[in-house]
Structure formats: C-alpha cells, structure tokens
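> Would you mind keeping the following structure in view while I ask a few things?
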Amino acid sequence: MNKLVKEFENPTWSDISTQLLKNPYNLKLWEKLVEAAESNNGNRINKISSRQEVDLLRASYENLLNKYPLLVNYWIRYAEWEFKLGNTQIANEIYEKSLLNLSYSIELWISYLNFKIKTIDSDVKKVLSVFESARSKIGYHFHSHEFYSLYLSFLQNYANDHNGFKLKYYVLLRIIIEIPIYHYGIFFKKLFTAINEKNLTMEVVGYLVPEKELPQFTNIKDMKTVSLKLKKIFTDVLITTQYKVFQVFYFEKKITRPYYDVSYLSNQEITNWNNYLNFIELNYPLDYVILSYERCVLTAANYSRFWIRYANFFINSMNYTIAKEILHRGLNFDNSYKLLIKLVDLELFTGDYLKARDLILSHVKANKLIPIKVYEKMISIERLMNPTDDEYLVNLVSEIIKQTNNAWFFKVILSYSLSSQVTLQLFESFESSFKSSFIYWSSWLFFNKKIDADNAAILAKSLQFLNDDDKLKINKINNYKKIASPRFDEEYDTLLDSFA
1 MNKLVKEFEN PTWSDISTQL LKNPYNLKLW EKLVEAAESN NGNRINKISS
51 RQEVDLLRAS YENLLNKYPL LVNYWIRYAE WEFKLGNTQI ANEIYEKSLL
101 NLSYSIELWI SYLNFKIKTI DSDVKKVLSV FESARSKIGY HFHSHEFYSL
151 YLSFLQNYAN DHNGFKLKYY VLLRIIIEIP IYHYGIFFKK LFTAINEKNL
201 TMEVVGYLVP EKELPQFTNI KDMKTVSLKL KKIFTDVLIT TQYKVFQVFY
251 FEKKITRPYY DVSYLSNQEI TNWNNYLNFI ELNYPLDYVI LSYERCVLTA
301 ANYSRFWIRY ANFFINSMNY TIAKEILHRG LNFDNSYKLL IKLVDLELFT
351 GDYLKARDLI LSHVKANKLI PIKVYEKMIS IERLMNPTDD EYLVNLVSEI
401 IKQTNNAWFF KVILSYSLSS QVTLQLFESF ESSFKSSFIY WSSWLFFNKK
451 IDADNAAILA KSLQFLNDDD KLKINKINNY KKIASPRFDE EYDTLLDSFA
C-alpha cells in the first residue's frame, strides 16, 4: 500500500501503515488506517478528491476486510463511500461481495436494501427479489422488525394494479405476525388497523384468509361481524406470538455483543449461546436453527467449539456435505487444530482419505507450530493408506521426532502393530538424543514388555540418565505385569497418568 502515498502526502496514514508492518493483527491500527484515509489530511474524501486519494481509501478498506471479512459496519461504510462518490455499480459489487461471508447479517441486508431502493429503476421486481433473498436469510431474526417495516413500506409504495404488490403486502403481514420478533406490536397494529370495520373490505379479507376458509366470511354481509371474527382469530395469534417472544427474549436480552470482534466473549455470553441453541434446536424448525447458529458463529467466529457444534448438528442428521462446508468456513476464521481434526475425521468417515491427508499436509506446510494431535492424525492417516508398510510409517515418525524434538511420538508408535525390528531400530536411533527422557525410556520398556523381550539392558541404561523421581517410575514400569496387547494403549495411559 505504501506505493500509493508516493505521489502525495498523507503522513498520518503512512505512519499507521508502518506500524501495521510490525503489528499486522492489530485491529485498532487497521481502523485508524481507514480513518486516516477517510480523513485525507482533514480534507475528507469527496467527489473532487484525486484518484490517488480515492485509491488509497479503497486499498485501506480492501486490506482491512481481507484480513477481517466479518466486520459488517466496515463493509457498509465502504459501500456507502463508493455510493457517495457516484460509483453505484462498485457499491453494489461491494455489497454482493460482503454477503458471501455475511449473508445472515441483518444490518448488512438493511443497508443493502436501502441502497437498492435509492437506486431503483423501472424494474421493481429486481428489488423485490433482493427482499426475498434477504427474507430467506434473516426473516426469522428476533430483531427483523426494521427489515419487515422496510419491506412492507416498499410493497406499499410501489404497488399498482398489475404487479400484485398489494396481495404480497397482506400475505407478508400475515406471515410476520407469527414470527417472534422483538417489536411484534408494530405489525399487529398494522393488521388490526386493516381489519377495523371502518377500513375492512372483502378484498383485504381475501388477502388475509386462506382460500379454503374464505366461504365462511363471504357469506357474512355485515362487515362489523367479519371484523370481529377476524379480530378473534388474530388475537389468538397475538397471544401465541407474545408467549414465543417472551421465551426467546430470555436469551436475546443476554446477548451483549451481536457482532464480530477480535476480543474474547465473556463466559456468560458463551453459556447463553449454548443455552439458546439448545432451546432453538428443541423448539423451532430448521430455518430458525440455521439462523441462530449463523448469528452465533458471527460473534463467536474465533471459537472452534461453536463451529464444531454447528457441524455436529448436521452430522447428527447425516448431512455430511453441509457439515464439511461449515468446518471449512470455520477454519477461515479460527485456525484451530480441533476444527482441523474434526474435518479430517469427517473426511475419513466418508471415505475421502486423500482429502483428509491433503488437509493435514496443507496445515503442516502453512504453519510453524504444529500441535501434537495434528501429527498424530497424520500418522494415523498414513497408516490407513499404507497399512502394511511398517518401514514407511517408522520413517515418518522418525522425521516427526527430528522436527519436533518430542519424545511423545515414541509412545504414539506403540499404538500400531509394527514389525519389532523396525520399531526397535527407531528406539535405538534416538538413544543419544533422548537419554534423559522418561517418555522415551518408558515407551521402550513397554515395547519390550509388549513383545515379551528382556528389559534388563534397557532398564540399566535408563537408570544411568534419569533423575531420581523418574527412576522410581521406571522401576514401577519394569515391575508391571506383561502387557496384554489388545489393551496396551489403555494400560500404558493409565500407568503414565498415575505418575503425573
């Protein structure tokens, strides 16, 4: 980005940019960078700003949003800047790009819809389709009152005798009143105004009442009676909706951060999300469940537990493709080995061994610090794909030990049924490197017990190098009963735990 400031001066921006080179994950610095580009040395970006100044603004937003693609308000601000600068098409493209990651963001949809209304042309049905796309994503959101108010206003303002918007208005209103929305009263007020005997017409009755129930109303000549009957029906709906809102509000009022941020969530907020998801899964249909999870992973994108829970929801219904997509999305925001292992295990479960291997190898290549669990998974995959090549597996473990300098993998190798000869060679090749390691010597002793070999020489060597506490543990292992192979891992883990 620094190339952009060579042709003009923005010292504040340049200084912040230099700081970001040293600290590229500091969100506050990124926010200051955007503010500096917007401020433009106090002249504020406008339609007469130079091309270089506008390009700097764009580069600042693009770099921020590439690193933090879940910052809803910055996507909105970016699009609004382009609109202010007269770049309607670019603004539209920014909104569409933002929705790739934030298709369940109610704030983003409302901003986009207002933009579409401001830039509407003669084809209002295009805007209608955008409203419907939004409704398919955020229609069950507890705070969707602003969206629905905008939608109803759009239908009302653009209704004519040919486009059917008046029918859509009442059908939509009829749908809204059964959704638990925070400001549900707004829509019941609209409905009860429409069915008041002074305003009511049979046309409106036809819009609100299902076709199969319409005859019981068309035979009534007195509109007051029709009005009273409709009020009774919709009062019952009101009572039901009120109860649902009361139930949902118990969880909604505890959501203090409904947006993405790099800071941690409080334990109370995490607990509330878990309880809320439990409630929704138990009491509401799939669309509500998906929306609730999407809202959760927006604010908790850095928490692998919620991505895994979301994936598990679909795994439990055997929808493995969606579960994989969720885990892949999660890895874009949280490079957690737990997410990786979950996805790898799912690929293995569905028989996609090559995909599982590629995931592990890509992670190892892309990261400097590799958790032990990832290496363990790599070893298990290679064994699955090369079930009879003992030498290949031992060589792999040997390379991992060299890279990590971690004796733990001597214990790991004992979980596999391998040739005694190649396993023994592995232990012997690292004797000088791990002569003071309790895990190394204990694993070798267990290996000997597993194959019923003599331990005297190994025990004698270990006692030369271990500290006093570890010597006591080694002697206990040496006195331990002969290992029963089927339960080897369990017995070894139990014994090691007893020494912890």
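Residue 281 in full-length UniProt numbering sits at position 281 of the sequence shown; the count goes up by one each step and never skips. By construction, the Cβ of each residue, glycine as well, lies at the ideal position given by its N, Cα and C atoms.
#1: Using only CA atoms, which one of Gln247, Ala194, Ile48 and Tyr260 lies nearest to Leu228?
#2: Over the uninterrupted alpha helix (DSSP H) stretch that includes Pro180, give me the two end residues.
#3: On a Cα-Cα basis, can you pick out the residue from Ser420, Trp408, Glu96 and Tyr440 that is closest to Asp452?
#4: Measure the Cβ-Cβ separation of Leu426 and Ile477 and say whether it is below 8 Å.
#5: I'd like to check one pair, Leu85 with Tyr74: are the Cβ atoms closer than 8 Å?
#6: When the Cα of Asn332 is compared with those of Phe313, Thr350, Tyr320 and Ala300, which residue comes out closest?
#7: Determine the burial state of Glu399: buried for a count of at least 16 other Cβ atoms within 10 Å of its Cβ, exposed for fewer.
#8: Can you tell me the Cα-Cα spacing of Leu33 and Ser60, whole angstroms?
#9: Please classify Glu9 as buried or exposed, where buried requires at least 16 neighbouring CB atoms within 10 angstroms.
#10: Do you know how far the Cα of Pro215 is from the Cα of Lys221?
#11: Looking at Leu346 and Tyr320, is the spacing between their C-beta atoms short of 8 Å?
#12: Drop a sphere of 10 angstroms on the beta-carbon of Ser17, count the other beta-carbons inside from all chains shown, and report buried for 16 or more, exposed for fewer.
#13: Please give the ranges of any alpha helix (DSSP H) in the region 419 to 449, keeping only runs that are unbroken, at least 4 residues long and fully inside the region.
#14: Which two residues bound the contiguous alpha helix (DSSP H) that contains Ser144?
#15: Hey, Val413 and Trp441 are a contact pair by Cβ (cut 8 Å); roughly how many whole angstroms apart?
#16: By Cβ distance below 8 Å, which residues in the same chain neighbour Glu382 in space, the five residues on each side in sequence not counted?
#17: With distances taken between CB atoms, is the gap from Lys38 to Ile45 smaller than 8 Å?
#18: Given a cut-off of 8 Å, decide if Ile94 and Glu107 are closer than it, judged by their beta-carbon atoms.
#19: By how many angstroms is the C-alpha of Glu35 removed from the C-alpha of Asp334?
#20: Starting from the N-terminal side, write out each stretch of the alpha helix (DSSP H) that is 4 residues or longer and does not extend beyond the region 49 to 119.
#21: Tell whether a beta-carbon distance below 8 Å holds between Pro285 and Val245.
#22: With a Cβ-Cβ cutoff of 8 Å, do Trp307 and Leu282 count as a contact?
#23: Please report the residue range of the alpha helix (DSSP H) in which Met223 lies.
#24: Here's the rule: buried if 16 or more other CB atoms are within 10 angstroms of the residue's CB, otherwise exposed. What is Ile175?
#25: Is the Cβ-Cβ distance between residue 501 and Asp470 less than 8 Å?
#26: Going along the chain, which unbroken runs of the alpha helix (DSSP H) with 4 or more residues stay wholly within the region 274 to 336?
#27: With a CB to CB cut of under 7 Å and the five nearest residues on each side skipped, what residues in its chain are close to Thr423?
#28: Report the three-state DSSP secondary structure of Asn475 (helix, strand or coil).
#29: Measuring alpha carbon to alpha carbon, tell me which of Pro387, Val237 and Asn219 ends up nearest Phe192.
#30: Would you decide whether Gly330 is buried or exposed? Buried here means 16 or more other CB atoms lie within 10 Å of its CB.
#31: Buried or exposed: Leu369, going by 16 or more other Cβ atoms within 10 Å of its Cβ?
#32: Reducing DSSP to helix, strand and coil, say where Gly139 ends up.
#33: Where does Phe314 land, buried or exposed, given buried means 16+ other C-beta within 10 angstroms?
#34: Taking C-alpha atoms, which residue in Thr256, Tyr337, Lys189 and Ile401 lies nearest to His363?
#35: Could you tell me the alpha carbon to alpha carbon distance between Pro210 and Leu27, rounded to whole angstroms?
#36: Are Leu155 and Tyr169 close, meaning C-beta to C-beta below 8 Å?
Per the coordinate set shown:
#1: Sorting Gln247, Ala194, Ile48 and Tyr260 by C-alpha distance to the C-alpha of Leu228 places Ala194 at the top.
#2: Following the DSSP letters along the chain, one finds Pro180 in no alpha helix (DSSP H), marked with neither H nor E.
#3: Here the closest residue by C-alpha is Ser420.
#4: Taking 8 Å as the Cβ cut-off, Leu426 and Ile477 do not qualify as a contacting pair.
#5: The Cβ atoms of Tyr74 and Leu85 lie no closer than 8 Å to each other.
#6: Check the Cα spacing between Asn332 and each of Phe313, Thr350, Tyr320 and Ala300: the tightest is with Ala300.
#7: Under this definition Glu399 is an exposed residue.
#8: When rounded, the separation of the alpha-carbon atoms in Leu33 and Ser60 is 7 Å.
#9: Of the residues assessed, Glu9 falls on the exposed side of the cut-off, its CB having fewer than 16 other CB atoms within 10 angstroms.
#10: Each residue's alpha carbon lies about 12 Å from the other.
#11: Taking 8 Å as the Cβ cut-off, Tyr320 and Leu346 qualify as a contacting pair.
#12: Classification for Ser17: buried.
#13: Taking only runs of at least 4 residues, the alpha helix (DSSP H) segments lying wholly in the region 419 to 449 are 420 to 429.
#14: That residue, Ser144, is in no alpha helix (DSSP H); it is neither H nor E in DSSP.
#15: Before going on, a small fix: residue 413 reads as Ile here, not Val. Contact between Ile413 and Trp441 does not hold, since their C-beta atoms are separated by about 14 Å, which reaches or exceeds 8 Å.
#16: Take Glu382, set aside five residues on each side of it, and the residues of its chain with a beta-carbon closer than 8 Å to its own are Arg357, Tyr392, Leu393 and Leu396, in chain order.
#17: The residue asked about is misnamed: residue 38 is Glu in this sequence, not Lys. Note that the C-beta distance between Glu38 and Ile45 is below 8 Å.
#18: Remark: C-beta atoms of Glu107 and Ile94 do not approach each other more closely than 8 Å.
#19: Taking the straight line joining both Cα atoms gives about 27 Å.
#20: Taking 4 residues as the minimum length, the alpha helix (DSSP H) runs contained wholly in the region 49 to 119 are 51 to 67, 72 to 84, 88 to 98 and 106 to 118, in order along the chain.
#21: One thing to note: Pro285 has its Cβ no nearer than 8 Å to the Cβ of Val245.
#22: Contact flag unset, no.
#23: Its alpha helix (DSSP H) spans residues Met223 to Glu252.
#24: Classification for Ile175: exposed.
#25: Any answer about residue 501 is impossible in this case: the structure gives the chain only from 1 up to 500.
#26: For the region 274 to 336, the continuous alpha helix (DSSP H) assignments of 4+ residues that do not extend past its boundaries occur at 286 to 299, 304 to 315 and 320 to 333, in sequence order.
#27: Here Thr423 has Val394, Ile413 and Phe447 as same chain residues with Cβ atoms under 7 Å from its own Cβ, once five neighbours each way along the sequence are excluded.
#28: Correct three-state label for Asn475: helix.
#29: Comparing Cα positions, the closest option is Val237.
#30: The residue is buried, with at least 16 neighbouring Cβ atoms inside 10 Å.
#31: Exposed is the label assigned to Leu369, since fewer than 16 other Cβ atoms lie within 10 Å of its Cβ.
#32: Three-state DSSP puts Gly139 in coil, outside helix and strand.
#33: Phe314 comes out buried.
#34: Of the listed residues, the one whose Cα sits closest to His363 is Tyr337.
#35: When rounded, the separation of the alpha-carbon atoms in Pro210 and Leu27 is 53 Å.
#36: A contact, by the Cβ cut-off of 8 Å.
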